[in-house]
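Participant: Dropping the structure in here first, questions after.
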Amino acid sequence: MNKNHRVPSSRSLSAVEVKSKFGAEFRRFSLDRSKPGRFDEFYGLLQHVHRIPNVEMLVCYADVHGDLLPINNDDNYHKAISTASPLLRLFLQRKEEADYTTFGTDSLTRKKNTVLSAVLLRPDTNRKKPPVIISLPKDFRPVSSIIDVDILPETHRRVRLYKHGQEKPLGFYIRDGSSVRVTPQGLEKVPGIFISRMVPGGLAESTGLLAVNDEVLEVNGIEVAGKSLDQVTDMMIANSHNLIITVKPANQRNNVVRSRGGAASGSSGRSSDSGASYYGYTSHSASGAAAPVPSHIIQNFPAGDLESDEDDEDLVIEAGGEAEPIRRAPSNYSMPSVPLYQPHLDLRTTSTLSVNANGTLPASGSSGSLNNALAASTTPSPDRAMQRRNLEEDGTVITL
Amino acid sequence: MKRLRRHGQESQRERIKQELFQFNKAMEHGFPHQPSALGYSASLQLLAIGTRSGAIKLYGAPGVEFMGLHEENAAVTQVHFLPHQAGLVTLLDDNSLHMWTLRAHKGQSELLEIGRFTLTGPPGASPSVTSVTAVLPHSSGELLLLGTEGGHVFIVEVPGFRELEERNISLDQVANSVPEDYIGRRNLEHVEALQENPVNPDQIVIGYGRGLMVIWDLEKLCATQHIPATQQLESVWWTDDGKYILSSHSDGSYCRWMVGGEDGNEEEEEEEKSDIPYGHFPCKAISKIVQLPTKEGPPFLLFSGGMPRASYGDRHCITVIHSKTHVALDFTSRIIDFFVIKDGPRSAGEPSALVVLVEEELVIIDLQTEGWPVIQTPYLVPLHSSAITCSHHVSAIPLKLWERVIAAGDLQNTHYSKKPWPITGGQNLASDPPQRDLLLTGHEDGTVRFWDASGVCLYPMYKLSTSAVFHTDTDPNDNMNQSTEGEWPPFRKVGCFDPYSDDPRLGIQKIHLCKYSGYLTVAGTAGQILVLELNDEAAEHTIEAKVVDLLQGQEGFRWKGHTRLDVREDPVLFPPGFQPLALVQCQPPAVVTALTLHSEWKLVAFGTSHGFAVYDYQQKNNILIKCTLNPSDQLAMEGPLSRVKSIKKSLRQSFRRIRRSRVSLRKHHVNNAAKLQDANARLEAELAEMELAPVQRKIEARSSDDSFTGLVRTLYFADTFLSDSSHNTPSLWAGTNGGCVFAYMLRLPSVEHRADEPITAQPAKEIQLMHRAPIVGIVVLDGHGAPLPEPLEVAHDLARSPDMHGSHHLLVISEEQFKVFTLPKVSAKMKLKLTAVDGSRVRRAGVAWFGSNRTEDYGESGLMVLTNQGDVHVVSLPGVKLQVHYNCIRREDVSGIASCVFTKHGQGFYLISPSEFERFSLSTRNLVEPHCLVEAPQYSAPSTQHRPHANKASSAQRNARHESEDAEVLQEIQKSLEADQMLFSENNVKSALA
């Protein structure tokens, strides 16, 4: 994904003609293409021209392909302005009434009658297909992420599952097993812990990052080698609110291939597409002569960072009083209850393979990102998400 | 700079830790699991027991104990002391022989293995040729005679195990000289027995399995006499005067043979007397026979087995016949072996005591007192005479209570012999224990046993039975101990091992004793809670039960478990000791899972899987009932599945029937067990080869919908700041399986109105831990970070009163974390995550005081923690930092981990088998372990009257001689031991000073 800006057509003027529709009302005004301003200013302007100052609304526009796309941050706002040709058609909806089904349907032109009319004329109440509700990126809560890609061997994957506040079960099982490692003495069979089953609809399955027969190497930064199945089970349960598992995926074909030399880690950079690495290959030995990887896996976060505040939220009910969560630092309690990975993200944004909610990887006109989001993410209830979104915007990540 | 300083602090902390903490598995208490061999040295006055797991344990006078473990994981089949030496030889079932010695080192003896040996036959010979079946240490102390399955007798020199081939007695040599008319001469079979002539050390008798006995002269290397018994031989005994040989046989008969001069003298060979004591019908084998003379009158004849096969084949009996007295001692478990102790110097006097090792206990019978009473054992007491269900340790018992308990116990032990303990070998050098400690064990049959756990011997003090309060399943007429007059054989029940519980509901689950007031509370399987008071007089009470409905109107409930126990309505006469004061019964009658007593406030709190309650035992009413049950928790609602229960019950009943109907099942049982083990071993091997079918574990966060979240795990009374920081109030804290803590404020009337004004309890706080792990302990720490003292402790001037000015803290111990909260406003202050880091979960936690071994006045409170991995940790207070950890119990040993109790002074106990406690210590200052000296008997110099100084000197000399003679291996062993020893003796000196 890149910012492949379209050059504005020659006939475009410096002003962009805007036609905004809210309910049955239209407003027309113009904007300076070269100085579009920020999204919140634009949002205020819309509220002003429609005289709906206190209405939360969803702003959409029809792009050149006729797709109905949202405007909700500076990036997609700028994109919308820059691609308007010359008319920018806006559709405003009350947030609570918003219909998300029509985004990115690629059919605004083709099925103009049906889809557009569906938007223009209020959506029918007795629609046959139940609406699949997709939140806007800023409404998303993270459910999982791949982290520390830059420091882990390519054959490994460190996955973080955000269980907190979710109804959804973690939903996986582990078992004992053995893996084959390459040592100077030859192949050696060593005991290991493997994922044995995924619960359909569980958090683990829905992320798509874990699979049956993946070998579990670490739990929250602590190696599981030498630990019994029960110990690993207990460790995972004890960390279940913020579980970080390092696995060696059974299927090594979907590994992230980084550009060679780019990463500073000691990984051999060897393509993991090769069939040889499919079974019984671990970085411990296979990285070979060139760059021996230390036997312990480096981690990019100090152990202390794992101490998130989340489980300090024990609930205390005083006699006759209200329930309140216990907080360690009540004075500067600005961090959200969602565990953050702030230090790491600040240092190495590139290491996070994710769509960031504040738009470093913009959703500019690409239906792809939304489709991916549709496929990969499971949306939490919008209400809860809304309460939290301000807190999440700067740090948390959404996985593809 | 800063780093340097911190480093300095750390190293200083490390030093303090070394002064405070040290891990020792000091010793084992109780009766060895699965004993398999017994040995006795009359000269050393030591008893040796070998076990199926390869352990060898030596016992002398109370406090004199040694333990050794063979490296091979094989059963000890025979133990023989070497005459006139402090050494013994063991035979394992892998056919290896091991030489052990008691070596004095730095003033105390230790048991060391100094050699091992396996007979090697000629090349190509079948293994049976050298498979040892009989061992005879020759009275010279230099030879060991080994009879084998092949029928040969090998002679080896000891110590050193040098084979003396030229003196071996081969089967051929013997067979050639067997009279032609002996029917079994073609196959004499294995060597069953070897005995030395007590008056002529050159003569030995070799008993072959087929029945033939041959008297062999070791000097002349020839047979001097043949005794042609024709029944399968079981054992041989040479009488003390050397004139007769007794043989016992597999058909239940025994014969007495005159020992003659030369072979061929026909009359003298004849068996003088043959008898089948329990005759007529087929009898079982007499496995061992002993005859001992008395100065005046007839000899004692003792033999094991020989019971009529059909009617009493399942009994485990030893028959003692003396003059007109004939008793068949009837034991409750299989007889391993027995011997008789004789009085007097050199053990030449009268038989004084019969020592019998049966599978589950050691029984000693006084043969000199009328009626042959049992002598109470000071050690080796079967802890499991009824299965242990829980334990409770109380440190530093006030003398007053101690004496009263002993007095109550003495009244229970009147049937024991007054004779002193007859096994008196060795000297106990351990200093007197610094304090009186009591270990209480709860048992399946509803008894609570009080043990003196202060020193090396775990001595039984008193036994409390709670079953008298209830009607039980047992029929009063159904007494198994009934003895009918004129019964033949004349049985007499001996021993206390009785694993058959009358009613499983009687089982004791929780115990709490207040050592200052003498109040005891015990709680059982069927939701019964008894409060008992120590009374020195017998008294008759009617016990009224108070039923507490813990469900509090919770709907949709269906209890499928057992019913409540029926309380006796008529007055019951209670003997002196602990007598019931109050009885509470929970409804539903689920097992009591938490119990605590506050003797100052006269309150008892208890909990089950349904809720908890506080009972005022002065006013005899409930002051608080709280239901903690989650309405959707069906499992907890229904209780244990009744179908399983009933099967168990019916099984138990049928077992009892079987026992009564005198049909052998036990032997059968043993055989089956052995077969099963074999099959299991084979299966295991097969499984190991196959790829194991994987066991799966579900990974899921705990939720409020889990089962048994309402189960009450811990209850705690504390006088602390619950509502505001200026007024402390009595409070009750309860922790559940679902990670929830309830706190109640208790309002107690002033002392003068305590009897009539009501006590109230108000809910004050509820804390739901986010991680929802079960709560295993709650402790309130005072302003100094020290745990609050026990009730009445301050009143008795035994503890510093807690700091009530500084702010108190609440320590909540869950299975996963240790967490410190501030009080009265509950906010998290510190925590230690255990499970998230190493995957182990807290099973037991207890506050203990650790004194420094360097300076007398320094000590720290710490939290002792046992995890499900079997590790023990010490966690500092109030900082909750891990201090030290040691591996203590195998993680697979679930019952061991579950049985662990901590003391208040850094020690702990856990069951290593149903009948043995292992005692361990984490403290440098508090360590109980045997400390004793055994002197080798002075054989060559009969002047045995030595002064202690002379003794020491001679032992040193002996040491020197030994060391020069023995292999270098020894020196190595000693070197490695020396380091430990130094530490150990230093500690001892310090503890002695303390």
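Going down the list, the sequences are from chains A and B. The first sequence maps to residues 1 to 400 in full-length UniProt numbering. The second sequence maps to residues 1 to 994 in full-length UniProt numbering. No residue lacks a Cβ here, since even glycine has one placed at the ideal position from N, Cα and C. Model, not experiment: these values are computed from the prediction.
In terms of alpha-carbon separation, which member of B:T729, B:H84, B:K546 lies closest to I529 (chain B)?
Facilitator: Your numbering for residue 529 (chain B) matches position 529 in the second sequence. The shortest Cα separation from I529 (chain B) among B:T729, B:H84, B:K546 belongs to B:K546.
Participant: Taking buried to mean at least 16 other C-beta atoms within 10 Å of its own C-beta, is A193 (chain B) buried or exposed?
Facilitator: Taking the second sequence and counting its residues from 1, one reaches residue 193 (chain B) at position 193. Buried.
Participant: For L119 (chain B) and V79 (chain B), I'd like the C-alpha separation in whole angstroms.
Facilitator: In the second sequence, the residue the question calls residue 119 (chain B) occupies position 119. In the second sequence, the residue the question calls residue 79 (chain B) occupies position 79. About 17 angstroms.
Participant: Let me see if you follow: with CB-CB separation under 8 angstroms, is H771 (chain B) close to chain A or not?
Facilitator: Taking the second sequence and counting its residues from 1, the one referred to as residue 771 (chain B) is at position 771. Chain A contact via Cβ: present.
Participant: In chain B, which residues lie with their C-beta within 9 angstroms of the C-beta of T233 (chain A)?
Facilitator: Position 233 of the first sequence, counted from the first residue, corresponds to residue 233 (chain A). Near T233 (chain A) (Cβ distances below 9 angstroms), the residues of chain B are R697, K698, I699, G839.
Participant: If I'm right that F574 (chain B) touches E360 (chain B) with Cβ under 8 angstroms, what's the distance once you round it to whole angstroms?
Facilitator: Against the second sequence, residue 574 (chain B) aligns to sequence position 574. Against the second sequence, residue 360 (chain B) aligns to sequence position 360. The Cβ separation is near 29 angstroms, so there is no contact.
Participant: Does G305 (chain B) come out as helix, strand or coil in the three-state DSSP assignment?
Facilitator: Position 305 of the second sequence, counted from the first residue, corresponds to residue 305 (chain B). Note: G305 (chain B) maps to strand in three-state DSSP.
Participant: Would you call N73 (chain B) buried or exposed, if buried means 16 or more other Cβ atoms sit within 10 Å of its Cβ?
Facilitator: Translated into positions along the second sequence, residue 73 (chain B) becomes position 73. Classification of N73 (chain B): exposed, given that the 10 Å Cβ count is below 16.
Participant: Measuring CB to CB, does V143 (chain A) end up less than 8 angstroms from L203 (chain A)?
Facilitator: As a first step, residue 143 (chain A) must be located in the first sequence, where it is residue number 143. As a first step, residue 203 (chain A) must be located in the first sequence, where it is residue number 203. Cβ atoms of V143 (chain A) and L203 (chain A): closer than 8 angstroms.
Participant: Out of B:Q231, B:Y858, B:E196, B:Y59, which has the shortest C-alpha to C-alpha gap to W216 (chain B)?
Facilitator: Stepping through the second sequence from its first residue, residue 216 (chain B) is reached at position 216. The shortest Cα separation from W216 (chain B) among B:Q231, B:Y858, B:E196, B:Y59 belongs to B:E196.
Participant: So does the stretch 235-254 of chain A actually touch the stretch 208-227 of chain A, counting three or more Cβ pairs closer than 8 angstroms?
Facilitator: Touching, per the Cβ criterion.
Participant: I think L863 (chain B) touches V847 (chain B), with their Cβ atoms under 8 angstroms apart; what is that distance to the nearest whole Å?
Facilitator: Stepping through the second sequence from its first residue, residue 863 (chain B) is reached at position 863. Stepping through the second sequence from its first residue, residue 847 (chain B) is reached at position 847. The Cβ separation is near 6 angstroms, so the contact holds.
Participant: Give me the subset of the stretch 496-530 of chain B whose CB atoms are less than 8 angstroms from a CB atom of chain A, sorted by chain position.
Facilitator: If the cut-off is 8 angstroms between Cβ atoms, the stretch 496-530 of chain B has nothing near chain A.
Participant: Identify which residue in B:L464, B:K288, B:H33 has its Cα closest to the Cα of N535 (chain B).
Facilitator: To locate residue 535 (chain B), count along the second sequence from 1; it is residue 535. It is B:L464.
Participant: Quick one: residues in its chain with C-beta nearer than 7 angstroms to the C-beta of P378 (chain B), no 5 flanking neighbours on either side, listed in chain order?
Facilitator: Along the second sequence, read from residue 1 onward, the residue named residue 378 (chain B) stands at position 378. So the qualifying residues of the chain are P62, W421, C457, Y459.
Participant: When DSSP labels each residue in this structure, what does G147 (chain B) get in the three-state scheme?
Facilitator: Counting from one through the second sequence, the residue named residue 147 (chain B) turns up at place 147. It is a strand residue.
Participant: Quick check on the burial criterion: 16 or more other C-beta atoms within 10 angstroms. Buried or exposed for I183 (chain B)?
Facilitator: Along the second sequence, read from residue 1 onward, the residue named residue 183 (chain B) stands at position 183. With fewer than 16 other Cβ atoms within 10 Å, it is exposed.
Participant: Taking just the CA atoms, how far does G527 (chain B) sit from F450 (chain B)?
Facilitator: Looking up residue 450 (chain B) in the second sequence gives position 450. Looking up residue 527 (chain B) in the second sequence gives position 527. Those two C-alpha atoms are separated by around 22 angstroms.
Participant: Thinking just about the alpha-carbon of each residue, which of B:K698, B:L722, B:F281, B:M770 is nearest to the one in Q762 (chain B)?
Facilitator: Locating residue 762 (chain B) in the second sequence gives position 762, counting from the first residue. The residue with the shortest Cα to Cα distance from Q762 (chain B) is B:L722.
Participant: Could you give the residue range of the beta strand (DSSP E) that holds Q412 (chain B)?
Facilitator: Position 412 of the second sequence, counted from the first residue, corresponds to residue 412 (chain B). Counting along the chain, Q412 (chain B) falls outside any beta strand (DSSP E), though it belongs to the alpha helix (DSSP H) covering 399-412.
Participant: Looking at the secondary structure, which residues open and close the alpha helix (DSSP H) in which S454 (chain B) lies?
Facilitator: Indexing the second sequence from 1 puts residue 454 (chain B) at position 454. No alpha helix (DSSP H) holds S454 (chain B); DSSP gives it neither H nor E.
Participant: Mind checking K765 (chain B): buried by the 16 CB within 10 Å criterion, or exposed?
Facilitator: For the purposes of this step, residue 765 (chain B) is taken as residue 765 along the second sequence, with counting starting at 1. Buried, by the Cβ-count rule.
Participant: Mapping the DSSP letters down to three states, classify residue 1013 (chain B) as helix, strand or coil.
Facilitator: The requested residue 1013 (chain B) is not part of the displayed model; chain B covers only 1 to 994.
Participant: Do you know offhand how far K19 (chain A)'s Cα is from Y61 (chain A)'s?
Facilitator: On the first sequence, residue 19 (chain A) is found 19 positions in, with the first residue counted as 1. On the first sequence, residue 61 (chain A) is found 61 positions in, with the first residue counted as 1. If you take the alpha carbons of K19 (chain A) and Y61 (chain A), they lie about 10 angstroms apart.
Participant: Just the chain B side, please: which residues come within less than 9 angstroms of A225 (chain A) by C-beta, in chain order?
Facilitator: Here residue 225 (chain A) is taken as the residue at index 225 of the first sequence, counted from 1. Neighbours of A225 (chain A) on chain B: none; closest Cβ ~12 angstroms, over 9 angstroms.
Participant: Nearest-angstrom Cα distance between A755 (chain B) and Q618 (chain B)?
Facilitator: Your numbering for residue 755 (chain B) matches position 755 in the second sequence. Your numbering for residue 618 (chain B) matches position 618 in the second sequence. Spanning the two alpha carbons is a distance of roughly 7 angstroms.
Participant: Go to Q173 (chain B), then tell me how far its alpha helix (DSSP H) extends in each direction, as first and last residue.
Facilitator: To locate residue 173 (chain B), count along the second sequence from 1; it is residue 173. Q173 (chain B) -> alpha helix (DSSP H) spans 171-177.
Participant: Whose Cβ in chain B lies nearer than 9 angstroms to the Cβ of Y173 (chain A)?
Facilitator: Residue mapping note: residue 173 (chain A) aligns to position 173 of the first sequence, counting from 1. Within 9 angstroms Cβ-Cβ: Q696, R697, K698, I699.
Participant: Which of the three DSSP states is assigned to P504 (chain B) in this structure?
Facilitator: Sequence index remark: in the second sequence, residue 504 (chain B) carries index 504 (1-based). Three-state result, P504 (chain B): helix.
Participant: Note down, in chain order, every chain A residue with its Cβ under 9 angstroms from the Cβ of V826 (chain B).
Facilitator: Indexing the second sequence from 1 puts residue 826 (chain B) at position 826. Within 9 angstroms Cβ-Cβ: D314, V316, E318, I326.
Participant: Taking 8 angstroms as the threshold (beta carbon to beta carbon), is M982 (chain B) in contact with chain A?
Facilitator: Here residue 982 (chain B) refers to the residue found at position 982 of the second sequence. The pLDDT assigned to M982 (chain B) is 46, lower than 50, so where the model puts this residue is not dependable, and the model offers no usable value.
Participant: Can you find the residues in the same chain that come closer than 6 angstroms, C-beta to C-beta, to K21 (chain A), ignoring five residues on each side of it along the sequence?
Facilitator: Here residue 21 (chain A) corresponds to residue number 21 of the first sequence, with the count starting at 1. Closer than 6 angstroms at the Cβ level, and outside the excluded window around K21 (chain A), lie F91.
Participant: For the candidate residues B:A538, B:A718, B:N176, B:V494, whose alpha-carbon lies nearest to that of E600 (chain B)?
Facilitator: Indexing the second sequence from 1 puts residue 600 (chain B) at position 600. Ranking B:A538, B:A718, B:N176, B:V494 by Cα distance to E600 (chain B) puts B:A718 first.
Participant: Expressed to the nearest angstrom, what Euclidean distance is found between the alpha-carbon atoms of Q231 (chain A) and R843 (chain B)?
Facilitator: Translated into positions along the first sequence, residue 231 (chain A) becomes position 231. Translated into positions along the second sequence, residue 843 (chain B) becomes position 843. Roughly 14 angstroms separates the two Cα atoms.
Participant: Determine the contact status of H249 (chain B) and I286 (chain B), defining contact as a CB-CB distance below 8 angstroms.
Facilitator: Here residue 249 (chain B) corresponds to residue number 249 of the second sequence, with the count starting at 1. Here residue 286 (chain B) corresponds to residue number 286 of the second sequence, with the count starting at 1. Taking 8 angstroms as the Cβ cut-off, H249 (chain B) and I286 (chain B) qualify as a contacting pair.
Participant: Can you give me the Cβ contacts of E142 (chain B) inside the same chain, cut-off strictly under 7 angstroms, excluding the 5 residues immediately before and after it?
Facilitator: Residue 142 (chain B) sits at position 142 when you count from the first residue of the second sequence. For E142 (chain B), where only same-chain residues beyond five positions count, the Cβ hits under 7 angstroms are E157, V158.
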